[in-house]
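A.B. asks: For the record, the sequence lines run as chains U and P. Numbering follows my numbering, with no gaps: position 28 of the first sequence is 83. Numbering follows my numbering, with no gaps: position 301 of the second sequence is 1273.
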Amino acid sequence: MTAERSAVHDPVVVVRDLRKTYGDTKAVDGIEFEVGRGEVFGLLGPNGAGKTTTVEILEGLRRADSGTATVLGIDCNRDADALKPRIGVSLQTAALYPKLTVTEVLELFKSFYGNRPGRSADELIERFDVGEKRKTRTKELSGGQRQRLAVALALINDPEVVFLDEPTTGLDPAARRSLWDIVNELRSEDRTVLLTTHYMEEAEILCDRLAIMDHGRILETGTVKELVGRHFQERSVRFDAIAGLDDAQLGAIGGVASIAHEDGEVVLYTRDVPQTIGAVLDAAEAIGAEPENLLVRRPTLEDVFLVLTGRALRD
Amino acid sequence: MRALLILILANIRSFTRDRAALFWTLAFPLIFIVMFGAIFTGGGDSTRTYAYVDHDSSARSAALREALAGVENVELVDKTEDDALAAMRTGDVDGVFVVPAGYGAAVDSLVTQPGPPASIEVYTDPTQQNGTTATYQLVGVVLGRINLEVSGRGPAVIPTPRRIQTENLTFISYLVPSILGMALMQLGVFAALPLVADREKLILKRLSATPLRRWQLVGSNVVMRLLIAIVQTLIIVGVGAYAFDVQISGNLLVIAALILTGSVSFIALGYVVASFAPTEEAANGMASIVQFPLMFLSGTFFPIDAMPPALQAVARALPLTYLSDGLRQAMVGGTPFSPLWLCFAVLIAFLGICFLISARFFRWQ
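Quick look at the structure:
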């Protein structure tokens, strides 16, 4: 992790030894990371990992017990008032006045930022594709529309840093994709984005870099490529476990570096895919079986998470 | 400042789009007034009753009596002066006419030669404006006829106006300020609901992530409720005045100050409820539990003097007692239960206590 300190060019978010405890629970347990200007940075982890607590400390909504957190050089704990005009926030749940219309909510939030030049409500309505809903009360919007409006609200003050907490949780695939487009647009505008997610796919597709979080700690930080490369030079060969074919036998196959088990599947991490598959087929045939659902994959974040935490991260 | 105005507007929109809130704050108090008003004013009674005191006992005074009694919807009862004035004070008659001794002789002399006009005394309660106006119209019509008949020149008989303070409030004029007090209380206590709902929906948390200040948020809330309080007052007093002839008299500044102090105090009580209610349903339950004793034990529907001593002690401890009592004193000249300054003092002290409790326990997220 010490290498991380200088790894980021022009850091906009800097977190050092941050801690927050609720009762006996260490929600955030001494984490460190940096986010560079214009980066899309992801906090990836299961529910309860401490992602939201971390983000809410950075947004000035919660005070950390110890450690430092700065955004745009402003201390989030001490000087939240100076920070708020310059950041955009979308909470886990789209927090919208249910009886106000789309336009009214946007105009309301715009007024909070005084004369600071921002986006106009109309511009955001066009861009977030809620045009035909502008006079609709927010409680009548679909989940995807609500979430898009919540992100639009986060941009009303033209912020330099945008925090998106679980922006796509509970959305259908189409709505999720439309939110991904928005995040990619933010990247192209050189805004810094910090998002949390528990979707591996989302983290892989959206994030320039990410930190894997579990039980209040950051386990690893890096690009997807770095994270995968750090743990696997191998590809994974997976198939349904075969009775009578044990780990000792499989481990002896040429090229196999390690073995894991996941939901009734055997996962072999190997440097030599053809040889491994050949050997598995031979060994299975020898006991009159056939490997089912045989799959060869380049290891993904999911594999990294499995190795780091010993369990799969599923929706 | 702009943020505050737009937030107030947003609050008003949210409020007026909430049909339940609209019903409870605007229609519910009116239902009480219309219901009790219809029961206690004995529907369609437009007959006006006057006491006739005749110290003269002449043909002229008998003619005057006949002329007055001949007007449609007017009823005359003969009484001694003392009885007549007592009846007036207790609200049994709407006015008193006193014909002085020598009235007949004075009028008779005017038939033959000019001279100073004769006069009769007319007692009204100037705080009952409509009644007073109707009485003088009646007097004007009848005396005008006599003037024409007697001389056709200057006035022969003129009324001498006399004021009398009627002591007892009619039930409906007792009820109107009381219901206003109750409505202001409900408006304040139920401020808890949208607050808790906004907290549950993370709206308060989301607002905390903007430069909006908390005083602006609270301020917008209070101003919105005060505006609704004004609308409530106009509706309740308007219906009381036009449908049930309740006369509002008294110092408008004092009335406005009472409405302001009372509303803000009970909004603060709403914040106390919101401080301890985890969910909107819980807030609804707690607000109901708070409002019912206030509603029924604060002299809203019947005078506190008429309650058993134990309940009177309870009433003394309830803040709504002081708001309603103050409003009755200030608006319809009700008999004081506590001096007006004490009403203000209790409400302000109550506001202070609620403010401190909310400041300590209210959670924004």
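Here a beta-carbon is modelled for each residue, glycine too, at the ideal position from N, C-alpha and C. Model, not experiment: these values are computed from the prediction.
#1: Is there a C-beta anywhere in chain P that falls below 8 Å from the one on residue 159 of chain U?
#2: Specify, as a first and last residue, the run of the alpha helix (DSSP H) that residue 1297 of chain P falls within.
#3: Please compile the residues from chain U whose C-beta is within a distance smaller than 9 Å of the C-beta of residue 986 of chain P.
#4: Tell me whether residue 1276 of chain P is buried or exposed, calling it buried when 16 or more other Cβ atoms sit within 10 Å of its Cβ.
#5: Between the segment 1157-1168 of chain P and the segment 141-155 of chain U, can you find at least three pairs of beta-carbon atoms closer than 8 Å?
#6: Between residue 190 of chain U and chain P, is the shortest Cβ-Cβ distance under 8 Å, so that the two count as touching?
#7: Look up residue 1133 of chain P in the DSSP assignment and say whether it is helix, strand or coil.
#8: Looking at the structure shown, is residue 317 of chain U part of a helix, part of a strand, or coil, going by DSSP?
#9: Mapping DSSP to helix, strand and coil, what is residue 89 of chain U?
#10: Quick one: what's got a C-beta closer than 7 Å to residue 1201 of chain P's C-beta in the same chain, skipping five residues either side?
#11: For residue 1073 of chain P, which residues of its own chain have a beta-carbon under 8 Å away from its beta-carbon, when the five flanking residues on both sides are left out?
#12: Counting only the same chain and skipping the five closest in sequence on each side, list residues whose C-beta sits under 8 Å from that of residue 277 of chain U.
#13: Cβ of residue 978 of chain P less than 8 Å from any chain U Cβ?
#14: Which word fits residue 1134 of chain P, buried or exposed, when buried means at least 16 other C-beta atoms lie within 10 angstroms of its C-beta?
#15: Could you name the residues of the same chain whose beta carbon sits closer than 6 Å to that of residue 1015 of chain P, not counting the 5 residues immediately before and after it, in chain order?
#16: Does DSSP classify residue 188 of chain U as helix, strand or coil?
#17: Which residue from P/1183, P/1051, P/1030, P/1266 puts its Cα closest to that of residue 134 of chain U?
#18: Exposed or buried, what is residue 294 of chain U when buried is set at 16 or more other beta-carbons lying within 10 Å of its beta-carbon?
#19: As a quick exercise: from P/976, P/974, P/980, pick the residue whose alpha carbon is nearest that of residue 1196 of chain P.
#20: Please classify residue 1270 of chain P as buried or exposed, where buried requires at least 16 other C-beta atoms within 10 Å of its C-beta.
#21: Comparing the C-beta of residue 1157 of chain P with each C-beta of chain U, is any distance below 8 Å?
#22: Taking C-alpha atoms, which residue in P/1054, P/1019, P/1136 lies nearest to residue 1096 of chain P?
#23: Check whether the Cβ of residue 139 of chain U lies closer than 8 Å to any Cβ atom in chain P.
#24: Is the number of C-beta pairs between the segment 1248-1256 of chain P and the segment 1043-1055 of chain P that are closer than 8 Å three or more?
#25: Looking at the C-beta of residue 196 of chain U, does it have a partner C-beta in chain P at a distance below 8 Å?
#26: Please work out which residues of its chain come closer than 7 Å, Cβ to Cβ, to residue 1246 of chain P, disregarding the five sequence neighbours upstream and downstream, and give them in chain order.
#27: Does the Cβ of residue 1280 of chain P have 16 or more other Cβ atoms within 10 Å, making it buried, or fewer, making it exposed?
#28: Checking contacts by CB at 8 Å: is residue 1251 of chain P closer than that to chain U?
#29: Thinking residue 1188 of chain P and residue 1323 of chain P are a contact (beta carbons under 8 Å), I'd like their distance in whole angstroms, please.
#30: Considering only the alpha carbon of each residue, which of U/246, U/86, U/261 lies closest to residue 232 of chain U?
#31: Could you give the distance in angstroms between the alpha-carbon of residue 259 of chain U and the alpha-carbon of residue 98 of chain U?
#32: Buried or exposed: residue 1154 of chain P, going by 16 or more other Cβ atoms within 10 Å of its Cβ?
#33: Which stretch, first to last residue, makes up the alpha helix (DSSP H) that contains residue 358 of chain U?
#34: Report buried or exposed for residue 1214 of chain P, applying the criterion of at least 16 other Cβ atoms within 10 angstroms of its Cβ.
#35: Less than 8 Å between CB atoms is the rule here; does residue 148 of chain U satisfy it with respect to chain P?
#36: Against chain U, with Cβ distances strictly below 8 Å, would residue 1281 of chain P count as a contact?
C.D. replies: Here's the rundown:
#1: Here residue 159 of chain U is taken as the residue at index 104 of the first sequence, counted from 1. Yes - at least one Cβ of chain P is within 8 Å of the one on residue 159 of chain U.
#2: If you number the second sequence from 1, residue 1297 of chain P lands on position 325. First-last of the alpha helix (DSSP H) with residue 1297 of chain P: 1291-1304.
#3: Numbered from 1 along the second sequence, position 14 holds the residue referred to as residue 986 of chain P. 152, 153, 154, 155, listed in chain order.
#4: Residue 1276 of chain P sits at position 304 when you count from the first residue of the second sequence. Classification of residue 1276 of chain P: buried, given that the 10 Å Cβ count is 16 or more.
#5: Not touching, per the Cβ criterion.
#6: Stepping through the first sequence from its first residue, residue 190 of chain U is reached at position 135. So no, residue 190 of chain U is outside the interface.
#7: Numbered from its first residue, the second sequence carries residue 1133 of chain P at position 161. If DSSP states are grouped into helix, strand and coil, residue 1133 of chain P belongs with the strands.
#8: Residue numbering aside, residue 317 of chain U sits at position 262 when the first sequence is read from its first letter. Three-state DSSP puts residue 317 of chain U in a strand.
#9: Translated into positions along the first sequence, residue 89 of chain U becomes position 34. In the structure shown, residue 89 of chain U sits in a strand (DSSP, three-state: E or B).
#10: Working through the second sequence from its first residue, we reach residue 1201 of chain P at position 229. Only residues of its own chain outside the window of five on either side were considered, and among them 1156, 1159, 1231, 1235 have a CB closer than 7 Å to the CB of residue 1201 of chain P, listed in chain order.
#11: Indexing the second sequence from 1 puts residue 1073 of chain P at position 101. Correct list, in chain order: 1027, 1028.
#12: Taking the first sequence and counting its residues from 1, the one referred to as residue 277 of chain U is at position 222. Counting only residues of its own chain and dropping the five nearest sequence neighbours on each side, residue 277 of chain U has a CB closer than 8 Å to the CB of 264, 265, 285.
#13: Within the second sequence, numbered from 1, the residue matching residue 978 of chain P stands at position 6. Yes, contact with chain U.
#14: Position 162 of the second sequence, counting from 1, holds the residue named residue 1134 of chain P. When all chains shown are included, residue 1134 of chain P counts as exposed.
#15: On the second sequence, position 43 is the one that residue 1015 of chain P refers to. Unreliable positioning characterises residue 1015 of chain P in this predicted model, as indicated by a pLDDT of 44, which lies under 50. The coordinate reading is nonetheless provided below. Within the same chain, and ignoring the five residues on either side of residue 1015 of chain P in sequence, no residue has its Cβ closer than 6 Å to its Cβ.
#16: For the purposes of this step, residue 188 of chain U is taken as residue 133 along the first sequence, with counting starting at 1. DSSP places residue 188 of chain U in helix when its eight states are reduced to three.
#17: Start at 1 with the first residue of the first sequence, and residue 134 of chain U comes out as number 79. Taking only the C-alpha atoms, the option nearest residue 134 of chain U is P/1183.
#18: Reading the first sequence from its first residue, position 239 is the one you call residue 294 of chain U. By the neighbour-count rule (16 or more Cβ atoms within 10 Å), residue 294 of chain U is buried.
#19: Translated into positions along the second sequence, residue 1196 of chain P becomes position 224. When only C-alpha atoms are compared, the closest one is P/980.
#20: Locating residue 1270 of chain P in the second sequence gives position 298, counting from the first residue. Answer is buried; the Cβ neighbour count reaches 16.
#21: What you label residue 1157 of chain P is simply residue 185 of the second sequence in a count that begins at 1. No - not a single Cβ of chain U is within 8 Å of the one on residue 1157 of chain P.
#22: For the purposes of this step, residue 1096 of chain P is taken as the residue at position 124 of the second sequence. For residue 1096 of chain P, the closest C-alpha among the options P/1054, P/1019, P/1136 is that of P/1136.
#23: If you number the first sequence from 1, residue 139 of chain U lands on position 84. With 8 Å as the cut-off, residue 139 of chain U counts as an interface residue toward chain P.
#24: The segment 1248-1256 of chain P is not in contact with the segment 1043-1055 of chain P.
#25: Counting from one through the first sequence, the residue named residue 196 of chain U turns up at place 141. It does not: the Cβ of residue 196 of chain U has no partner Cβ on chain P nearer than 8 Å.
#26: Counting from one through the second sequence, the residue named residue 1246 of chain P turns up at place 274. Excluding the 5 residues flanking it on each side, residue 1246 of chain P has same chain C-beta neighbours closer than 7 Å at 1164, 1167, 1168, 1255, 1334, in chain order.
#27: As a working mapping, residue 1280 of chain P is identified with position 308 in the second sequence. The residue is exposed, with fewer than 16 neighbouring Cβ atoms inside 10 Å.
#28: Translated into the one-based positions of the second sequence, residue 1251 of chain P becomes position 279. No, no contact with chain U.
#29: As a first step, residue 1188 of chain P is located in the second sequence; it is residue number 216 there, counting from the start. As a first step, residue 1323 of chain P is located in the second sequence; it is residue number 351 there, counting from the start. Wrong, their Cβ atoms sit about 20 Å apart, outside the cutoff.
#30: As a position in the first sequence, residue 232 of chain U is number 177, starting the count at 1. Nearest in C-alpha terms to residue 232 of chain U, of all of U/246, U/86, U/261, is U/261.
#31: To locate residue 259 of chain U, count along the first sequence from 1; it is residue 204. To locate residue 98 of chain U, count along the first sequence from 1; it is residue 43. Between the C-alpha atoms of residue 259 of chain U and residue 98 of chain U there is a straight-line separation of about 12 Å.
#32: To locate residue 1154 of chain P, count along the second sequence from 1; it is residue 182. When all chains shown are included, residue 1154 of chain P counts as buried.
#33: Looking up residue 358 of chain U in the first sequence gives position 303. Looking at the DSSP string, the run of the alpha helix (DSSP H) that includes residue 358 of chain U is 356-364.
#34: Taking the first residue of the second sequence as position 1, residue 1214 of chain P is located at position 242. Residue burial annotation: residue 1214 of chain P is exposed, with fewer than 16 other C-beta atoms found within 10 angstroms of its C-beta.
#35: Within the first sequence, numbered from 1, the residue matching residue 148 of chain U stands at position 93. Yes, residue 148 of chain U lies at the interface with chain P (some Cβ there is under 8 Å from its Cβ).
#36: For the purposes of this step, residue 1281 of chain P is taken as residue 309 along the second sequence, with counting starting at 1. Taking a beta-carbon distance threshold of 8 Å, residue 1281 of chain P does not count as an interface residue toward chain U.
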